[in-house]
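Report on one structure; see the data block that follows.
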């Protein structure tokens, strides 16, 4: 019997698989992995890439981005289409091969589902799924219908943004509303309620006090929403999740206190899990040179929280990493007052996260011995795929999985400057000016080499919406 020739094979790699790291390679045909092992056990292929002994890992999955968020230049639907093209272009340069985006509008979501699917299918460089932000009563009423459309994750701001960013149109939430959402989602197979956990009632008072003192610096932004703001909300979320026997996920957890609270509830058997961000693993509020570029929400914390978040990633309390990528033009971010302008008026949120995600986690994590490569793949790819119903189609180098892979050179370095990014707005991020070591050399999406040595080799569009059923997304 003649062995069929594959479309692509990668050889001479350190391949990170669900069963450990092996020396060998991977073969792919029609966008699917058809072989994993030593070169002698792989089929011949139309094209072969020599990985030069570098790591071959599943593409990162970013579970936390906000396309269409900037309402200053586009209306929401127009911005969503725009950002799918510009920001996923950055994603493939950075080694991210799947994204889960948050839908955010005041109007009901279900009438626009065809548009939401088409926006990604026609403009994205990578496959995509959606979460829905449920901040109106009619959104809560849509939960069952959204599940039928393949959206099984629903975000609540508890109770942030009514005052911090009124332009977003997010209403104040309370414990009663959180109870209703958790209770409803407990009946949705594999449904998850996601929480931005910050207490804005306390933060409103602290902001007023700090402004009265004349403070207008990055540390003041952190002091305006102190660690207790996050801790007290996670505590309530844990208790409400236990009461409803539901499933909860804390997005962008930033504090040592949050790690401790999640650990306690997890040990009690409560389905409460947490994500953190590269920014919280790398920066603190002491870095005043960041200016308003460092204004993110929740705010940057101190060294102790940074240390405890890394510990949480290693020991399994924190099981997920995303980016909270919020694309804004620099003039809107800064409100045209410059990098060191008004900290209170500047827009919260970091830029270019989806492109710096992998390089930062390699540079700050693997290369500084804070985390193993295998654990990094878990928290940045495999676990994200499992949590959001995408596994094993995504998040694994295994036969039958999508051929979404990245070759990573742990010795390759670059300084983050205006030429580093390939997104809409390459001129700022919290990592500008820093040297990152551990960069992708090849990004493979659906068996196609889409970026090779920094060169884009494909066009946007033709990617897949990933609807998540009761058992997750189906294998192709």
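In full-length UniProt numbering, the protein residues as written are 1 to 476. Quick reminder that beta carbons are idealized off the backbone N, C-alpha and C, glycines included.
Beta-carbon proximity check, residue i vs residue j, cutoff 9 Å
| i | j | result |
| --- | --- | --- |
| residue 292 | residue 325 | no |
| residue 218 | residue 281 | no |
| residue 395 | residue 189 | no |
| residue 443 | residue 294 | no |
| residue 424 | residue 121 | no |
| residue 422 | residue 89 | yes |
Residue range of the alpha helix (DSSP H) that includes residue i
| i | result |
| --- | --- |
| residue 315 | 303-315 |
| residue 274 | Segment 272-276 is the beta strand (DSSP E) holding residue 274; no alpha helix (DSSP H) there. |
| residue 407 | Careful: residue 407 lies outside any alpha helix (DSSP H), inside the beta strand (DSSP E) at 405-415. |
| residue 260 | 256-267 |
| residue 116 | 113-123 |
| residue 84 | 76-94 |
Three-state secondary structure assigned by DSSP to residue i
| i | result |
| --- | --- |
| residue 343 | coil |
| residue 371 | coil |
| residue 134 | coil |
| residue 366 | helix |
| residue 47 | strand |
| residue 440 | strand |
| residue 435 | strand |
| residue 60 | strand |
| residue 245 | coil |
| residue 201 | helix |
| residue 101 | strand |
| residue 332 | helix |
| residue 162 | Any reading at residue 162 must be qualified, since the residue scores a pLDDT of 49, below 50, and its modelled position is unreliable; the value itself is stated next. The answer is coil: DSSP assigns residue 162 none of H, G, I, E or B. |
| residue 188 | coil |
| residue 157 | strand |
Range covered by the beta strand (DSSP E) that runs through residue i
| i | result |
| --- | --- |
| residue 250 | 248-250 |
| residue 21 | 20-29 |
| residue 17 | 6-17 |
| residue 183 | Segment 175-185 is the alpha helix (DSSP H) holding residue 183; no beta strand (DSSP E) there. |
| residue 355 | From DSSP, residue 355 is part of no beta strand (DSSP E) but of the alpha helix (DSSP H) over 353-360. |
Residue i versus residue j - alpha carbon distance
| i | j | result |
| --- | --- | --- |
| residue 350 | residue 34 | 38 Å |
| residue 317 | residue 46 | 44 Å |
| residue 458 | residue 451 | 8 Å |
| residue 162 | residue 178 | Note that residue 162 scores a pLDDT of 49, beneath 50, so its modelled location is shaky; the value from the coordinates is reported in the next line. Roughly 16 Å between the two C-alpha positions. |
| residue 203 | residue 155 | 21 Å |
| residue 222 | residue 232 | 16 Å |
| residue 239 | residue 132 | 23 Å |
| residue 69 | residue 76 | 7 Å |
| residue 6 | residue 123 | 28 Å |
| residue 335 | residue 142 | 35 Å |
| residue 331 | residue 377 | 35 Å |
| residue 109 | residue 248 | 22 Å |
Q. Counting Cβ pairs closer than 8 Å, one from the stretch 301-318 and one from the stretch 395-406, do we hit at least three?
A. no
Q. On the three-pair Cβ rule with 8 Å, is the stretch 24-42 touching the stretch 63-76?
A. no
Q) Between the stretch 380-389 and the stretch 463-474, are three or more C-beta pairs nearer than 8 Å? A) yes
Q) Does the pairing of the stretch 405-425 with the stretch 104-113 give three or more beta-carbon distances under 8 Å? A) no
**Q.** Validate contact between the stretch 124-136 and the stretch 426-440 using beta carbons, cut 8 Å, 3 pairs
**A.** no
Q. Using 8 Å as the Cβ pair cut-off and three pairs as the minimum, do the stretch 193-211 and the stretch 143-152 touch?
A. no
**Q.** At least 3 beta-carbon pairs within less than 8 Å: the stretch 269-285 vs the stretch 319-334
**A.** yes
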